[in-house]
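Q: In the numbering used here, the protein residues as written are 223 to 308.
Built from N, CA and C at the ideal position, the CB exists for glycine as well.
(1) Please say whether residue 246 and residue 268 have beta carbons closer to each other than 8 Å?
(2) Compute the distance between the beta-carbons of residue 249 and residue 294, then report whether it is under 8 Å.
(3) Return the residue from the list 251, 227, 275 and 258 that minimises the CA-CA distance to residue 233.
(4) Tell me the rounded alpha-carbon separation between residue 258 and residue 282.
(5) How close, in whole Å, do the beta carbons of residue 266 and residue 251 come, if the pair is a contact with beta carbons under 8 Å?
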């Protein structure tokens, strides 16, 4: 008998999408943290879904990556992020 998977929490969705966007931009957690004015440890915890993230920090992270904030909270957008090349 298979266990049913629980849906991801909002912070897990944001964290996974953030990690995906960062990797697509070929950036390290340290580079993202520096660009957003946050610590690398904070970025790591957000990506792993273990840190609650404020809406202000969500905006800082999305702007640092050049990704619309709505993409980072979309549970179905893991592979179709709209990423700016600027």
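A: On the basis of the data shown:
(1) no
(2) no
(3) 275
(4) Answer to the nearest angstrom: the Cα atoms are 5 Å apart.
(5) 5 Å
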